[in-house]
Amino acid sequence: MTTRDSLLAALVATVWGFNFVVIDWGMGDVPPLVLVAVRFAAVLVPAVFLVPRPQAHWRTVAGVGLFMSLGQFGLLYTSMHAGLPPGIAALVLQAQVLFTVLIAAAWIGERPTGLQLVGIGVGAAGLVVVGVGRGGHVPLSALLLCVAAALSWAVGNVISRRAGVRAGLSMAAWSSLVVPVPLLALSLLLDGPTAVAEGFRAFDGAAALSTLYTAGLASLVGYSLFNGLLARYPASSVTPFVLIAPPVAMASAWLLLDQSPNLAEGAGAVVVLGGVLLTVHAGRRASAAGAAAAAAAAIPARA
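The sequence shown begins at 1 in full-length UniProt numbering and counts up by one.
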């Protein structure tokens with residue numbers, strides 16, 4: 001990746017890191033699936049009227065929306081509503097890096113190197129440490145919901161990478177079409193009409209500011225840049241930059257919400273980040289080696 005694109009990826013990850021605290025601020029008495037539905041309704045309007053439809057099959061656009069948006073955030077918001085702190089949620093969600101590399105290998109043939117597989121193993125071990133050593137305030141169900149959110153995000157990453165759509169903003173906007181109505185219907189089914197109606201009445205200034213941040217910066221700006229990078233570079237080179245998000249989220253939660261991880265959670269965080277950094281390093285080495293080999297093959301042999 002170029003220096004410019006690396007800085008863009010780092011900026012997106014920083015925005016996403018603070019996003020976890022903003023989500024926590026806005027949740028309040030609003031059911032989590034309702035908050036996600038409102039967020040993506042705000043992404044949709046007026047974006048779909050201003051941004052051209054991405055040059056991709058509707059199944060691809062719907063797939064990105066279902067997995068990268070509906071699945072990831074429906075599960076993430078629900079996990080935080082169930083008691084997962086923002087900093088830990090940001091960390092566990094980074095399992096998407098490990099899942100993305102494995103799914104990309106199985107689905108589109110982006111084979112991981114041996115060192116990447118070691119990194120995946122280290123990262124998975126770190127997640128186990130976090131899960132086993134989580135504080136009593138963190139329900140196991142909330143942790144597992146966040147792992148499922150990471151898996152959903154990874155599937156969306158690979159769908160986006162496979163499509164190769166360079167217009168990241170158009171994909172971020174149009175893929176949101178499949179999010180609000182299904183999530184509202186699911187909230188009506190799970191939470192009940194009364195809870196949904198009360199949630200809309202409880203939608204206050206904090207929820208509105210949270211929606212503006214998550215819809216405008218995290219979704220429209222963040223995912224347009226992220227999808228654009230995925231279209232130009234291998235998934236194993238792009239997704240690891242999201243590792244910047246957990247330290248930002250943990251620091252923000254510590255400073256603004258007075259939430260700090262326990263010793264086991266902190267140790268697991270270090271192991272997870274170490275595993276993903278190893279995966280990133282191995283992916284960049286493999287990309288550089290592939291580019292060098294391609295350049296060598298392009299030089300005609302001397303007679």
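The beta carbon of each residue, even a glycine, is placed where N, CA and C say it ideally should be.
Note that the structure is a prediction, hence the values are computed from the model and not measured.
Can you tell me whether residue i is buried or exposed, with buried defined as 16 or more other CB within 10 angstroms of its CB?
| i | result |
| --- | --- |
| residue 39 | buried |
| residue 85 | buried |
| residue 55 | exposed |
| residue 49 | exposed |
| residue 114 | exposed |
| residue 298 | Because residue 298 sits at a pLDDT of 49, beneath the cut-off of 50, its placement in the model cannot be relied upon, and the point is left open. |
| residue 127 | buried |
| residue 278 | buried |
| residue 52 | exposed |
| residue 258 | exposed |
| residue 205 | exposed |
In the structure shown, what three-state DSSP assignment does residue i receive?
| i | result |
| --- | --- |
| residue 202 | coil |
| residue 1 | coil |
| residue 371 | This structure leaves residue 371 out entirely; the chain is present only between 1 and 303. |
| residue 260 | coil |
| residue 71 | helix |
| residue 13 | helix |
| residue 93 | coil |
| residue 162 | helix |
Considering only residues of the same chain and omitting the five flanking positions on each side of residue i, which have a CB-CB separation below 6 Å?
| i | result |
| --- | --- |
| residue 110 | 104 and 234 |
| residue 269 | 91 |
| residue 123 | 98, 272, 275 and 276 |
| residue 80 | 89 |
| residue 36 | 73, 74, 77 and 183 |
| residue 3 | none |
| residue 209 | none |
| residue 62 | 178 |
Which residues in the same chain have their Cβ closer than 7 Å to the Cβ of residue i, if we skip the five residues on either side of it in sequence?
| i | result |
| --- | --- |
| residue 82 | 139, 141, 142 and 145 |
| residue 195 | 31 |
| residue 12 | 222, 225 and 226 |
| residue 131 | 143 |
When you measure from the CB of residue i to every non-hydrogen atom of the ligand HEM, does any distance come out below 6 Å?
| i | result |
| --- | --- |
| residue 190 | This structure simply doesn't include the ligand HEM, nor any ligand for that matter. |
To which residues of the same chain is residue i closer than 8 Å at the C-beta, ignoring the five residues directly before and after it?
| i | result |
| --- | --- |
| residue 15 | 217, 218, 221 and 222 |
- Message: Under 8 Å: do the stretch 12-30 and the stretch 179-192 share three or more Cβ pairs, one atom per stretch?
- Response: no
- Three or more C-beta pairs closer than 8 Å, one from the stretch 169-182 and one from the stretch 82-100: is that the case here? no
- Query: Do the stretch 62-79 and the stretch 148-162 touch if we need at least three Cβ pairs shorter than 8 Å?
  - Reply: yes
- Do the stretch 224-231 and the stretch 244-258 touch if we need at least three Cβ pairs shorter than 8 Å? no
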